[in-house]
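The structure appears below as structure tokens.
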Amino acid sequence: MAMSKKWLVSALVLPLALGATTVMAKGGDKGMKGGHGCHGDISSRSFRQLDLTDEQKAELETIRSEMKESYKGKGTEMRAQMKANKAKERELVLAADFNEQEAQALAQEMVEQRANMQVEKMRVQHRMMSVLTAEQKDKLVQMQDERMQKCEQKMEKKRANNG
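Numbered by the working numbering, the letters in the sequence shown go through residues 232 to 394 in order.
Put into structure tokens, the structure is as follows:
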């Protein structure tokens with residue numbers, strides 16, 4: 232029973248870690264366009280509805296440009312790491328005997344990579360939010376809440392139609 236739970240955890244963690252790495256390698260939430268599920272990420276579209284000053288627009292553009300440049304360099308590195316992790320995963324799965332320690336180590340490494348990407352994403356979002364006034368932050372949070380609510384309703388409707 233314990234072995235099957237560990238397989239289940241591995242089966243759930245690995246795709247999540249790989250998928251998240253792919254999203255970040257593609258430049259953040261661009262990889263989510265057309266995807267399924269609800270996420271409360273900050274989009275460029277949201278900022279356009281906040282009546283930003285020219286100074287705020289310039290500061291946000293600077294942050295976005297820096298982020299884009301940072302991801303360009305990291306993207307190649309992340310893709311190489313993903314490829315290496317996939318090769319390690321394949322070796323573990325195809326081995327004559329399953330090495331649980333190596334599988335746990337690989338899964339842990341992938342989780343840490345995902346956590347680091349999430350922290351970086353939050354760091355950038357914090358920088359972007361610090362450019363906004365209190366009123367703009369409130370409006371942005373309200374828009375995100377509304378978008379999440381619409382998305383959840385859409386997902387519920389989809390689930391009801393599928394099942």
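From the three backbone atoms N, C-alpha and C, an ideal C-beta is built for every residue, glycine too.
> Smallest Cα separation from residue 278: which of 366, 389, 382 and 385?
Replying inline: Sequence index remark: in the sequence shown, residue 278 carries index 47 (1-based). The shortest Cα separation from residue 278 among 366, 389, 382 and 385 belongs to 366.
> Can you tell me the Cα-Cα spacing of residue 374 and residue 362, whole angstroms?
Replying inline: On the sequence shown, position 143 is the one that residue 374 refers to. On the sequence shown, position 131 is the one that residue 362 refers to. Distance between the alpha carbons of residue 374 and residue 362: 17 Å.
> For residue 281, does the three-state DSSP call read helix, strand or coil?
Replying inline: Your numbering for residue 281 matches position 50 in the sequence shown. It is coil, neither helix nor strand.
>> Taking only three categories from DSSP, how would you classify residue 328?
In response: To locate residue 328, count along the sequence shown from 1; it is residue 97. DSSP places residue 328 in coil when its eight states are reduced to three.
>> How far does the alpha helix (DSSP H) with residue 372 in it extend, from its first residue to its last?
In response: As a first step, residue 372 must be located in the sequence shown, where it is residue number 141. Where residue 372 is concerned, the enclosing alpha helix (DSSP H) stretches over 365 to 393.
> Nearest CA to the CA of residue 280: which residue from 337, 368 and 300?
Replying inline: To locate residue 280, count along the sequence shown from 1; it is residue 49. Closest by alpha carbon: 368.
> In this structure, does DSSP put residue 299 in helix, strand or coil?
Replying inline: On the sequence shown, position 68 is the one that residue 299 refers to. In this structure, residue 299 counts as helix in the three-state DSSP scheme.
>> Suppose the cutoff is 7 Å on Cβ atoms and the five residues either side in sequence are ignored; what does the same chain contact list for residue 343 look like?
In response: Within the sequence shown, the letter at position 112 stands for residue 343. Nothing listed; no residue qualifies.
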